[in-house]
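**Q**
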Amino acid sequence: MLFRKLKALFAAKEALSGIPLFFRAFRAWRKGEYPLFPKKTIWLAAIALVYLLSPVDLIPDILAGAGWIDDAAVLAFLFRLIAKELEDFEAGPIANGR
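For the sequence shown, position 72 (counting from the first letter as 1) is numbered 72 according to full-length UniProt numbering, and the numbering increases by one without interruption.
(1) How would you label LEU78, buried or exposed, when you count the other beta carbons within 10 angstroms and need 16 or more for buried?
(2) Could you say which of ARG30, GLY32 and PRO38 lies nearest to GLU87 if we only look at CA atoms?
(3) Over what stretch of residues does the alpha helix (DSSP H) that includes LEU44 continue unbroken?
(4) Rounded to a whole number of angstroms, what is the C-alpha to C-alpha distance between ARG80 and ILE59?
(5) Using the Cα positions of TRP43 and ALA91, report the straight-line distance between them to the nearest angstrom.
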């Protein structure tokens, strides 16, 4: 029980930390400032967003707290899949304001 809660907390923290970076990279890609952002990454993010907004979940969101565990896990999984792309963006001149 404790291990599951700690794992969920870690997943939520990891998911939340990647969101602002992803949106900065997405905006730069959309404006044409960062054309290297892979379309695969955009599609994975879109699928994750559909899952998050969908009323059908593995754990219903009605269950306060517990219902968001699967959503946080989906975001954490997404950010693990696209970590390299986000690192490349963060290391580049667009993300650093150069």
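Even for Gly, the Cβ is constructed at its ideal location relative to N, Cα and C.
**A** Straight from the coordinates:
(1) As a first step, residue 78 must be located in the sequence shown, where it is residue number 78. Answer is buried; the Cβ neighbour count reaches 16.
(2) Position 87 of the sequence shown holds residue 87. Of ARG30, GLY32 and PRO38, the residue nearest in Cα terms is PRO38.
(3) Working through the sequence shown from its first residue, we reach residue 44 at position 44. Note, LEU44: alpha helix (DSSP H), 39 to 53.
(4) In the sequence shown, the residue the question calls residue 80 occupies position 80. In the sequence shown, the residue the question calls residue 59 occupies position 59. Spanning the two alpha carbons is a distance of roughly 21 angstroms.
(5) Against the sequence shown, residue 43 aligns to sequence position 43. Against the sequence shown, residue 91 aligns to sequence position 91. For TRP43 and ALA91, the distance between alpha carbons rounds to 22 angstroms.
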